[in-house]
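What follows is a single structure, written as structure tokens, with notes after it.
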Amino acid sequence: MKNEEHVPRRFRTTKWARWKRGDAQLFEGRNPLEASHVLVLPLSAINICAPAASLSSSPQLLPCGARVSVGDLRRRWRELRISDRRSFPLSRWADSVSLTVLCLSDRRVVLAPMTRCRAVDGIPGPAHVEYYTQRATDGGFLITEGTVISPTGAGSMAIDNTIMVEVVDAAIVELVNTKGLDDEQDHVEDVEIFLNAITCKHSPHPPSLHGKTQFPKCPGIYTREQIDGWKTVVDAVHAKGSIIFCQLWHVGRASNQTYQPGGTAAPISSTDKPISGRWKILMPDGKYGNYATPRRLATSEIPQIVQDYQQAAINAIEAGTSILIELVLRAPKGMSNGFDGIELHGAHGYLIDQFLKDGINDRTDAYGGSLGNRCRFLAEVAQAVVSAIGASRAAVRISPAIDHLDANDSDPLRLGLAVVHRLNALQRDAGERLAYLHVTQPRYVAYGQTEGGRHGSQEEESRLMRAVRDAYDGTFVCSGGYTRQLGVEAVEQGDADLVSYGRLFISNPDLVERFKSDAPLNRYVRATFYTPDPVVGYTDYPSLRQTQRSRL
Numbered sequence: 087m088k089n090e091e092h093v094p095r096r097f098r099t100t101k102w103a104r105w106k107r108g109d110a111q112l113f114e115g116r117n118p119l120e121a122s123h124v125l126v127l128p129l130s131a132i133n134i135c136a137p138a139a140s141l142s143s144s145p146q147l148l149p150c151g152a153r154v155s156v157g158d159l160r161r162r163w164r165e166l167r168i169s170d171r172r173s174f175p176l177s178r179w180a181d182s183v184s185l186t187v188l189c190l191s192d193r194r195v196v197l198a199p200m201t202r203c204r205a206v207d208g209i210p211g212p213a214h215v216e217y218y219t220q221r222a223t224d225g226g227f228l229i230t231e232g233t234v235i236s237p238t239g240a241g242s243m244a245i246d247n248t249i250m251v252e253v254v255d256a257a258i259v260e261l262v263n264t265k266g267l268d269d270e271q272d273h274v275e276d277v278e279i280f281l282n283a284i285t286c287k288h289s290p291h292p293p294s295l296h297g298k299t300q301f302p303k304c305p306g307i308y309t310r311e312q313i314d315g316w317k318t319v320v321d322a323v324h325a326k327g328s329i330i331f332c333q334l335w336h337v338g339r340a341s342n343q344t345y346q347p348g349g350t351a352a353p354i355s356s357t358d359k360p361i362s363g364r365w366k367i368l369m370p371d372g373k374y375g376n377y378a379t380p381r382r383l384a385t386s387e388i389p390q391i392v393q394d395y396q397q398a399a400i401n402a403i404e405a406g407t408s409i410l411i412e413l414v415l416r417a418p419k420g421m422s423n424g425f426d427g428i429e430l431h432g433a434h435g436y437l438i439d440q441f442l443k444d445g446i447n448d449r450t451d452a453y454g455g456s457l458g459n460r461c462r463f464l465a466e467v468a469q470a471v472v473s474a475i476g477a478s479r480a481a482v483r484i485s486p487a488i489d490h491l492d493a494n495d496s497d498p499l500r501l502g503l504a505v506v507h508r509l510n511a512l513q514r515d516a517g518e519r520l521a522y523l524h525v526t527q528p529r530y531v532a533y534g535q536t537e538g539g540r541h542g543s544q545e546e547e548s549r550l551m552r553a554v555r556d557a558y559d560g561t562f563v564c565s566g567g568y569t570r571q572l573g574v575e576a577v578e579q580g581d582a583d584l585v586s587y588g589r590l591f592i593s594n595p596d597l598v599e600r601f602k603s604d605a606p607l608n609r610y611v612r613a614t615f616y617t618p619d620p621v622v623g624y625t626d627y628p629s630l631r632q633t634q635r636s637r638l
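The working numbering numbers the first residue of the sequence shown as 87 and each following residue consecutively.
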């Protein structure tokens, strides 16, 4: 672009902008988290449907290169009859979910993947439909909770035993700092409920085993019933015009024999070292116990785990009918459209992370030792998924600096850059970009006790995140206890393209609209985060409109 001064600063300094320079201009609204974007596309890039008024039995096209607002693009696309929807010609430049997110999502707010423990028999049901559609907005972007890829992939909720002494003060600070709360004494009861819940003393909804699956009722995507259950969720979310990705999850050693096939098998991992006593696992009786000693995967077994990830990705694409994907993605021929993509959970001490971190991985074969070897499992999983569904439908989440479940590494920055190097190489080989890279920041701590504080060295956090962000050649999503203001800062400073929100989205199903108007937020109740109740703490948080009506 010759006139760079007309391009927002953060887009002049990111690799994403440099890649597209000369091909498109990006204009922004006042607030990066709610900005509606307009793309000025090169003549060969894309054809866009004409307005509804000019539609005939055969859709007309706007001239290539037309300036089209995001809202206008979505409206035109929706107004076409389903039978008339078709894939419009795209250049290699535009053939990426990064364009989907930035073009079809008019806000930078993403629903982060969060375990919610409501899937009876591991099958998404009506409660899931309600939960996700509550949080879906026209042009929004959702990532599902961790979804188990195989019977060996299930585990349970963890708690850091070392935070229990400090958690009372932290909980009070959290409640007081939440918008709209200003009196500590008024919320002592809430703090006690929270403490009782996480110590399993007097939980209002004690965990229990119902049906044929294990607590904590995490959904899977490896049986026909599970795929069909997700189909109802995907179709409902798409009906509201939102994009939805499925997070594929295998917990590895973060499990117990109780949750494994037959109830007796040891969980699998890159190692045979158990998770330390610092961490406790929630058991079926509602008490916390120790993690089991895992079984180290034999080298010959690893290809089967890779295949499980690949099959789960294929299953995700089958789960529903996409209304957005056809516009901007090339689906493999003959493949049905369901989830708009998948996110590989390579973070927070679960199976992929157990291969990445040198504090866990003590293997001496091709999957251990050197940094390149430790990245091999993730690279093979990502390659298998890309070969099955395409790079533009695949994303990866990592947390190089997070020690959740003893996932320590001696050099988090070096690890993060090594992962990015492998992903960049994968993108080059595939000839298209991955959907995005999702990174949890160093300030993340177990349970994220405070609402808006920075947990650790801001200098370290900025150095790692910016180095990884600069090195990665694609769309970058950050997460880790963000408030509205921190999210705005991250986008304005070019530290992220998108910001994922977890706890705030739990208690505010209309978080996007609340952020847009800077409205007060509902405070969340931790005691109901992981209960089996399909309503309480799950779908009963009021929207802003409901709250306003109740006050009239």
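Glycine included, C-beta positions come from ideal geometry on N, C-alpha and C.
Just so it is clear, the structure is predicted and the values come from calculations on it, not from any experiment.
- Task: Pull up the distance between the alpha-carbon of G454 and that of V621, whole angstroms please.
- Result: When rounded, the distance between both Cα atoms is 44 Å.
- Message: Given this structure, state the Cα-to-Cα distance separating A493 from F463, to the nearest angstrom.
- Response: Cα to Cα, the separation comes out at about 16 Å.
- Message: Looking at the strands, I want to know which residues DSSP matches up with V234.
- Response: Partner(s): G306 and W335.
- Task: Give the C-beta separation of I229 and A205 to the nearest angstrom, bearing in mind that I take them to be a contact with Cβ-Cβ under 8 Å.
- Result: Not confirmed; about 16 Å, so no contact.
- Message: Please report the distance separating the alpha-carbon of K359 from that of A384.
- Response: K359 and A384 have their C-alpha atoms some 15 Å from each other.
- If you draw a straight line from the alpha carbon of Q571 to that of V196, how long is it in whole angstroms? Rounded to the nearest angstrom, the two C-alpha atoms are 15 Å apart.
- Query: Where does R609 fall in DSSP's three states?
  - Reply: Correct three-state label for R609: coil.
- Run of the beta strand (DSSP E) containing K366, from where it starts to where it stops: That run of the beta strand (DSSP E) goes W365 to L368.
- Query: Would you call K443 buried or exposed, if buried means 16 or more other Cβ atoms sit within 10 Å of its Cβ?
  - Reply: K443 should be labelled buried.
- How big is the Cα-Cα spacing for T625 and T614? Straight-line Cα distance between these residues: approximately 11 Å.
- For F425 versus A402, is the C-beta distance shorter than 8 Å? In this structure, A402 lies closer than 8 Å to F425 by Cβ.
- For the beta strand (DSSP E) holding L442, just list the boundary residues, first then last. In this chain, L442 is not harboured by any beta strand (DSSP E); it is covered by the alpha helix (DSSP H) spanning L437 to L442.
- Limits of the beta strand (DSSP E) - the one that Y587 falls within: Note, Y587: beta strand (DSSP E), L584 to Y587.
- For Y308 and K317, the rounded distance between their alpha carbons: Using only the alpha carbons, I get a separation of about 13 Å.
- Task: Can you give me the start and stop residues for the beta strand (DSSP E) that A470 sits inside?
- Result: For A470, there is no enclosing beta strand (DSSP E); the enclosing alpha helix (DSSP H) has its first and last residue at R462 to I475.
- Message: Which residue wins for smallest C-alpha separation from D314, given the options G517, R519, H507 and P210?
- Response: For the options G517, R519, H507 and P210, the alpha carbon positioned closest to that of D314 is the one of P210.
- Task: Can you grab the Cα-Cα spacing for the pair A351 / S636, in whole Å?
- Result: Looking at the backbone, the Cα of A351 and that of S636 are separated by about 52 Å.
- Message: For the structure I just gave you, are there three or more beta carbon pairs, one from the region 464-474 and one from the region 549-566, closer than 8 Å?
- Response: Touching, no.
- Alpha-carbon spacing of D559 relative to A582, whole angstroms: When rounded, the distance between both Cα atoms is 12 Å.
- Query: Hey, P347 and T238 are a contact pair by Cβ (cut 8 Å); roughly how many whole angstroms apart?
  - Reply: Contact flag correct, Cβ pair sits at about 7 Å.
- Item | contact_flag[the region 493-504, the region 432-446] where n(CB pairs < 8 Å) is 3 or more | Three or more beta-carbon pairs drawn from the region 493-504 and the region 432-446 are found closer than 8 Å, and the two stretches are therefore classed as touching.
- Query: In whole angstroms, what separates the C-alpha of K373 from that of C203?
  - Reply: Near 16 Å, if we compare the C-alpha coordinates of C203 and K373.
- A340, buried or exposed, once every other Cβ within 10 Å from all chains shown has been counted against 16: Counting Cβ neighbours within 10 Å, A340 comes out buried, since at least 16 surround it.
- Message: I need the DSSP call for E575, collapsed to helix, strand or coil.
- Response: Looking at E575 - three-state DSSP - the assignment turns out to be helix.
- Item | Inter-residue Cα distance where the pair is V200 and D515 | The sequence as given places Met at residue 200; Val does not occur at that position. Cα-Cα distance, rounded: 32 Å.
- Message: Given a cut-off of 8 Å on the beta-carbon distance, is the pair R508 and L457 in contact?
- Response: Cβ atoms of R508 and L457: not closer than 8 Å.
- Message: On the CB-based measure, 16 or more other CB atoms within 10 Å of its CB, does P212 come out buried or exposed?
- Response: Counting other Cβ atoms within 10 Å of its Cβ, P212 stays below 16 and is therefore classed as exposed.
- Could you give the distance in angstroms between the alpha-carbon of I484 and the alpha-carbon of S242? Going by the C-alpha atoms only, they are around 20 Å apart.
- Where G432 falls, given that 16 or more other Cβ within 10 Å makes a residue buried: Its Cβ being crowded by 16 or more others within 10 Å, G432 is buried.
- Message: Once DSSP output is grouped into helix, strand and coil, what is the label at Y217?
- Response: Three-state DSSP puts Y217 in a helix.
- Query: Q579 to A240, Cα distance in whole Å?
  - Reply: Approximately 38 Å, taken between the alpha carbons.
- For the alpha helix (DSSP H) that contains R641, what are its first and last residues? The structure shown has nothing for residue 641, since the chain only spans 87 to 638.
- Query: CA-CA distance, A325 and A481?
  - Reply: Roughly 23 Å separates the two Cα atoms.
- Message: I'd like the list of long-range same chain contacts for I496, defined as Cβ closer than 6 Å, with 5 residues on each side in sequence excluded.
- Response: Checking the displayed sequence, the identity of residue 496 turns out to be Ser instead of Ile. These residues qualify, in order along the chain: D444.
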